Amino acid sequence: MSARREPWNIAPVTLTRGSRATGFALCAALAAITASWIVRDLRAADGPAALWWFWAGDGRTLLSARQLTTTLHDPLLLVGYAVAGFAAGRSRVAAGALVAAAVVTLAVRLPGLWLLSAHWMDLRATGELRGRALVSVFTALAVAVGLIITVAAGRRPADAPYRAAEHGTAPYGTAPHQRSSYGTAPHGGGPPAAGAARPRRGALLTAFVLLTAAAAVRAAWELYWTAQLPGSSYAGRFTGRADLLLPLLGAPPGWLNTAVVALSLTAAGGVLFRASVARPLGLAAAGLLTASGISGIALSVRLDLLDHFGALPAVDRLTVGSWVFELAAGVITLGVLARGDAAAGPSVAERLRPGFWDRERGTGRPGAEVTGHRDGGPHDLGAGGAGLGPPPSSPPGR
Numbered sequence: 358m359s360a361r362r363e364p365w366n367i368a369p370v371t372l373t374r375g376s377r378a379t380g381f382a383l384c385a386a387l388a389a390i391t392a393s394w395i396v397r398d399l400r401a402a403d404g405p406a407a408l409w410w411f412w413a414g415d416g417r418t419l420l421s422a423r424q425l426t427t428t429l430h431d432p433l434l435l436v437g438y439a440v441a442g443f444a445a446g447r448s449r450v451a452a453g454a455l456v457a458a459a460v461v462t463l464a465v466r467l468p469g470l471w472l473l474s475a476h477w478m479d480l481r482a483t484g485e486l487r488g489r490a491l492v493s494v495f496t497a498l499a500v501a502v503g504l505i506i507t508v509a510a511g512r513r514p515a516d517a518p519y520r521a522a523e524h525g526t527a528p529y530g531t532a533p534h535q536r537s538s539y540g541t542a543p544h545g546g547g548p549p550a551a552g553a554a555r556p557r558r559g560a561l562l563t564a565f566v567l568l569t570a571a572a573a574v575r576a577a578w579e580l581y582w583t584a585q586l587p588g589s590s591y592a593g594r595f596t597g598r599a600d601l602l603l604p605l606l607g608a609p610p611g612w613l614n615t616a617v618v619a620l621s622l623t624a625a626g627g628v629l630f631r632a633s634v635a636r637p638l639g640l641a642a643a644g645l646l647t648a649s650g651i652s653g654i655a656l657s658v659r660l661d662l663l664d665h666f667g668a669l670p671a672v673d674r675l676t677v678g679s680w681v682f683e684l685a686a687g688v689i690t691l692g693v694l695a696r697g698d699a700a701a702g703p704s705v706a707e708r709l710r711p712g713f714w715d716r717e718r719g720t721g722r723p724g725a726e727v728t729g730h731r732d733g734g735p736h737d738l739g740a741g742g743a744g745l746g747p748p749p750s751s752p753p754g755r
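As structure tokens, then:
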């Protein structure tokens, strides 16, 4: 058998100890920056409730609380940094968690580079406050890039035997197909691999469908605004404009919408192929959807939209329905992706590798060579039934 790795085989990776420590420190720095702005707004607002409705997008609060600077994404980022920092101490999930934290940070903070320099921002905050916000944005973006560099520089294959992780070589006589997969002991010896556990087939399908559907709903709304707004006004949904009443650390709605669509589709595609980074990206997308749904439903209750749902215009009913769907999709996706299962079987990419089923015809167990030998006990249901992807054109030989 050739030892050449197929180009679509997305191999899991883990991080060295030094890279995980660096990632933890960078997440702590991002959390400190975000927490400082949240504390600042808690002191400036008329209590936590007023700040919450400001985050939820209540127009009355937006007009009366221009001195507030944060958005609903700031507490969400704070939670994400805490989770990523904790995950950095666990090598099997560190790489994906740190990449997800960096990607979401870049998506949320990047618009601040041009928004904080816009002339109409002079009416929103003092020059001193804008300067502090701009420094925070630059710092957060630099730290996010640092997270990506840390993962790229400190990664190593998660399916490599233990000594290969230390010396970069596999034990003598260990063939490439004998190396371990997630959670299985390598044939060449050493402890179990430190790869991230991946959910089972049902969880993968559920997450894929919900993330794809949520992305489609948001994309449909963006198409709606394309038709409703003239060219210059629609461009303001991405670049910002004076009448949007954006908080100092906010991002334009069109930019955020597109970012969530891109993140959801990327996570859905990664989930389909069971890429190691797909699970944290999916959790991040689900968190954004859940937060959007919670704030939207809370705003609907505050404005009595649910009590008069039947009398609302069609667009408003669709808006409320979208919030309900986002909340349901986000919560369910969080639930199915939060728990991994190392015995999930071969992925689509593994099943599509040339000769996969030919190699397994003599074993009676599809996927045995990819996922490692099993003991044939009562829990060994066959890796082929748990993977995601189509069955072979003809059943493997018994």
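Residues in the sequence shown are numbered consecutively from 358, following the working numbering.
All C-beta atoms, glycine included, are put in the ideal place defined by N, C-alpha and C.
This structure is a prediction, so every number in the text was calculated from the model and none was measured.
Contacts around residue i, its chain only, beta-carbon distance under 6 Å, and the 5 residues preceding and following it disregarded
{"i": "residue 620", "result": "642"}
{"i": "residue 457", "result": "637, 638, 641"}
{"i": "residue 572", "result": "618, 621, 622"}
{"i": "residue 616", "result": "464"}
{"i": "residue 375", "result": "none"}
{"i": "residue 579", "result": "614"}
{"i": "residue 473", "result": "487, 490, 491"}
Beta bridge counterpart(s) of residue i as assigned by DSSP
{"i": "residue 372", "result": "512"}
Status (buried if at least 16 other CB within 10 Å, exposed otherwise) for residue i
{"i": "residue 405", "result": "exposed"}
{"i": "residue 389", "result": "exposed"}
{"i": "residue 602", "result": "exposed"}
{"i": "residue 597", "result": "buried"}
{"i": "residue 665", "result": "exposed"}
{"i": "residue 687", "result": "buried"}
{"i": "residue 417", "result": "exposed"}
{"i": "residue 396", "result": "exposed"}
{"i": "residue 587", "result": "exposed"}
{"i": "residue 431", "result": "buried"}
{"i": "residue 499", "result": "exposed"}
{"i": "residue 488", "result": "exposed"}
{"i": "residue 670", "result": "exposed"}
{"i": "residue 490", "result": "buried"}
{"i": "residue 584", "result": "exposed"}
{"i": "residue 403", "result": "exposed"}
{"i": "residue 415", "result": "buried"}
{"i": "residue 469", "result": "buried"}
{"i": "residue 727", "result": "Caution applies to residue 727, whose pLDDT of 38 falls short of 50 and renders its modelled position unreliable; the value that the coordinates give is listed next. Residue 727 should be labelled buried."}
Integer Cβ distance of residue i from residue j, believed to fall under 8 Å
{"i": "residue 644", "j": "residue 380", "result": "Going by Cβ atoms, the distance from residue 644 to residue 380 rounds to 19 Å, so no, they are not a contact pair."}
{"i": "residue 317", "j": "residue 477", "result": "The chain is shown only over 358 to 755; residue 317 falls outside these bounds and no answer can be derived."}
{"i": "residue 373", "j": "residue 398", "result": "About 38 Å separates the two Cβ atoms, so there is no contact after all."}
{"i": "residue 607", "j": "residue 594", "result": "Wrong, their Cβ atoms sit about 12 Å apart, outside the cutoff."}
{"i": "residue 677", "j": "residue 662", "result": "6 Å"}
{"i": "residue 429", "j": "residue 413", "result": "7 Å"}
{"i": "residue 624", "j": "residue 568", "result": "5 Å"}
{"i": "residue 433", "j": "residue 392", "result": "Rounded, the Cβ-Cβ distance is 13 Å, inconsistent with contact."}
Cβ neighbours of residue i in the same chain (closer than 7 Å, five flanking residues each side left out)
{"i": "residue 684", "result": "647, 650, 651, 654"}
{"i": "residue 401", "result": "424, 425"}
From the options, residue whose alpha carbon lies closest to that of residue i
{"i": "residue 501", "options": "682, 557, 441, 486", "result": "441"}
{"i": "residue 510", "options": "387, 377, 484, 671", "result": "377"}
{"i": "residue 695", "options": "450, 373, 445", "result": "450"}
{"i": "residue 503", "options": "462, 558, 482", "result": "462"}
{"i": "residue 336", "options": "408, 415, 471", "result": "Beyond the ends of the chain as shown, which are 358 and 755, falls residue 336; an answer cannot be given."}
{"i": "residue 816", "options": "408, 385, 480", "result": "This structure cannot speak to residue 816, because the chain is shown only from 358 to 755."}
{"i": "residue 459", "options": "589, 568, 496", "result": "496"}
{"i": "residue 762", "options": "582, 605, 624", "result": "Coverage of the chain is limited to positions 358 through 755, which leaves residue 762 absent and any answer about it impossible."}
{"i": "residue 512", "options": "494, 489, 485, 445", "result": "445"}
{"i": "residue 659", "options": "409, 585, 392, 371", "result": "409"}
{"i": "residue 682", "options": "574, 559, 505", "result": "574"}
{"i": "residue 657", "options": "680, 474, 488", "result": "680"}
{"i": "residue 507", "options": "469, 371, 690, 692", "result": "371"}
{"i": "residue 630", "options": "474, 576, 557, 494", "result": "557"}
{"i": "residue 466", "options": "387, 583, 674", "result": "387"}
{"i": "residue 563", "options": "447, 693, 411", "result": "693"}
{"i": "residue 570", "options": "382, 690, 674, 443", "result": "690"}
{"i": "residue 505", "options": "383, 667, 675", "result": "383"}
Same chain, Cβ closer than 8 Å to residue i, five either side skipped, listed in chain order
{"i": "residue 634", "result": "452, 453, 456, 457, 627"}
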